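Participant: Can you read through this structure? Questions will come right after.
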């Protein structure tokens with residue numbers, strides 16, 4: 045093992061000589077350095093120095109990219125990512141960057157299918173070491189496969205090449221499983237909508253009909269019975285769908301929800317057809333219930349035909365009402381005097397107020 049590491053060091057040193065610029069060599073000789081770097085990376089890997097092996101593979105990939113050997117650069121960048129996860133699984137950020145770079149290299153060569161496959165591999169490898177921030181990788185995977193399918197359709201139209209988009213099916217299913225774990229049902233519906241287009245392109249009617257049922261289940265899991273019914277009506281536009289078991293399954297499932305029939309729902313969910321769908325969809329379907337389709341937002345059942353006796357509300361004591369006390373003429377005089385003292389004449393005290401009476405004695 046020590047001999048392999050020593051040999052790797054020697055090859056790395058030789059590669060460095062070709063990469064250095066001198067007075068007589070103004071640019072690095074990438075072509076001559078490449079074989080030495082490749083031997084050095086393999087030597088570090090054989091000597092189980094995974095850290096140096098990973099960094100050497102990264103450098104090798106970058107130099108090959110400059111030499112226009114982009115396909116091999118992508119392969120070596122993937123190797124660097126795998127080695128990084130072996131010696132530093134708790135620091136997966138660099139490995140994620142390497143996988144994304146490898147996918148970008150494949151994209152430059154026009155291998156969009158390979159690019160999507162690389163992102164899918166990277167997302168799965170990162171999840172295995174506990175890294176959860178891989179949603180963008182799955183989204184980019186679907187995007188690249190969609191573009192790959194579009195390019196393939198154009199090639200078929202002009203060159204009459206037989207269709208080969210079968211490799212995309214596995215990617216769509218794995219990305220759907222990823223979003224289902226996070227209950228991102230809208231993303232899964234969009235995923236199955238793209239799967240339907242794919243199955244139409246490769247003339248797989250049975251898988252397309254299974255995707256129809258899957259979309260209905262996903263809408264009911266949100267829960268959104270109206271959206272499920274609308275999707276079912278759109279699916280009926282396919283002439284062959286009406287006479288399939290998948291169509292009957294969707295119809296019975298939606299009908300049970302429309303009627304609020306829990307017993308009928310149990311009967312539908314016991315049918316053996318669910319085992320022929322994608323495993324995550326079959327599991328999700330068996331968790332559907334009438335009033336708690338989504339545990340995070342349970343729907344409370346309403347009582348039916350139950351007459352509940354309403355108790356009268358307890359009487360609330362009214363506040364006492366204070367009636368105004370009529371004012372006497374003396375009180376009125378005092379208030380008027382306060383408001384207009386210059387108008388009101390002074391009033392004598394009550395004991396001095398005597399009415400002047402004159403008598404005519406003649």
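Residue numbers (our numbering): 45 to 406.
In this text, a Cβ means the ideal position worked out from N, Cα and C, and glycines have one as well.
Remember, it's a predicted structure, so these values are computed and weren't measured experimentally.
(1) Where does the unbroken alpha helix (DSSP H) through residue 121 begin, and where does it stop?
(2) Can you confirm whether the region 247-257 touches the region 280-292 when touching is taken to mean that 3 or more C-beta pairs between the two stretches lie within less than 8 Å?
(3) Taking 8 Å as the cut-off, is the C-beta of residue 321 nearer than that to any heavy atom in the ligand PLP?
(4) Measuring CA to CA, which of 82, 71, 111, 155 is closest to residue 123?
(5) Pairs of beta-carbons, one from the region 305-322 and one from the region 267-287, closer than 8 Å: are there three or more?
(6) As a quick exercise: from 64, 118, 52, pick the residue whose alpha carbon is nearest that of residue 92.
(7) Where do the N-terminal and C-terminal ends of the alpha helix (DSSP H) with residue 79 fall, by residue?
(8) Can you list, in chain order, the residues of its chain with a C-beta nearer than 7 Å to that of residue 260? Leave out the 5 residues immediately preceding and following it.
(9) Tell me where the alpha helix (DSSP H) around residue 99 begins and ends.
(10) If you follow the alpha helix (DSSP H) that residue 324 is part of, which residue opens it and which one closes it?
(11) From residue 55 to residue 80, what does the alpha carbon distance come to, in whole angstroms?
(12) Taking the alpha helix (DSSP H) that residue 259 falls in, what are its first and last residues?
(13) Taking the C-alpha atoms as reference points, what is the distance between residue 159 and residue 304?
(14) Would residue 263 be called buried (16 or more neighbouring beta carbons within 10 Å of its own) or exposed?
(15) So within the region 266-295, which uninterrupted alpha helix (DSSP H) runs reach at least 4 residues, ignoring any that extend past its ends?
(16) I need the DSSP call for residue 240, collapsed to helix, strand or coil.
(17) Using DSSP with H/G/I as helix, E/B as strand and the rest coil, what is residue 368?
(18) Look at the alpha carbon of residue 219 and the alpha carbon of residue 66, and state the distance between them as a whole number of angstroms.
(19) Alpha carbon to alpha carbon, how far is residue 50 from residue 84?
(20) Is it buried or exposed for residue 252, if we count other Cβ within 10 angstroms and need 16 for buried?
(21) Any contact between the region 101-115 and the region 145-159? By contact I mean 3 or more CB pairs, one from each, below 8 Å.
(22) Any idea if residue 57 is buried or exposed, counting beta-carbon neighbours within 10 angstroms, 16 or more meaning buried?
(23) So residue 150 is in the alpha helix (DSSP H); what residue range does that whole segment cover?
(24) Tell me which same chain residues have a C-beta within less than 6 Å of the C-beta of residue 117, skipping the five on either side of it?
(25) What's the C-alpha gap between residue 245 and residue 330?
(26) Distance, Cα to Cα, residue 314 vs residue 334?
(27) Anyone know if the C-beta pair for residue 325 and residue 224 falls short of 9 Å?
(28) Whole angstroms is fine: what's the gap from residue 64's alpha carbon to residue 72's?
(29) Spatial neighbours of residue 121 within its chain, please: CB distance less than 6 Å, with the 5 preceding and 5 following residues excluded, ordered by chain position.
(30) Ordered along the chain, which non-local residues of its own chain (more than five positions away) have a Cβ less than 8 Å from that of residue 427?
(31) Among 96, 75, 88, 126, which one has its Cα closest to the Cα of residue 113?
(32) Among 241, 62, 301, which one has its Cα closest to the Cα of residue 77?
(33) Short of 6 Å in beta carbon distance, which residues of its chain neighbour residue 98, apart from the five on each side in sequence? Order them along the chain.
(34) Ordered along the chain, which non-local residues of its own chain (more than five positions away) have a Cβ less than 6 Å from that of residue 139?
Facilitator: Taking the coordinates as given:
(1) 114-131
(2) yes
(3) Summarising the ligand content, the structure contains no ligands, and the ligand PLP is consequently not present.
(4) 82
(5) no
(6) 52
(7) 74-90
(8) 272, 275, 276, 294, 297, 298
(9) 94-110
(10) 323-330
(11) 5 Å
(12) 249-265
(13) 47 Å
(14) buried
(15) 269-279
(16) helix
(17) Bear in mind that the predicted position of residue 368 carries a pLDDT of just 49, short of 50, making it unreliable; the figure below should be weighed with that in mind. Note: residue 368 maps to coil in three-state DSSP.
(18) 51 Å
(19) 10 Å
(20) buried
(21) yes
(22) exposed
(23) 137-152
(24) 105, 108, 109, 149
(25) 31 Å
(26) 15 Å
(27) yes
(28) 6 Å
(29) 105, 142, 145, 146
(30) There is no way to answer for residue 427, as the model of the chain reaches only from 45 to 406.
(31) 75
(32) 62
(33) 124, 127, 128
(34) 125, 128, 129
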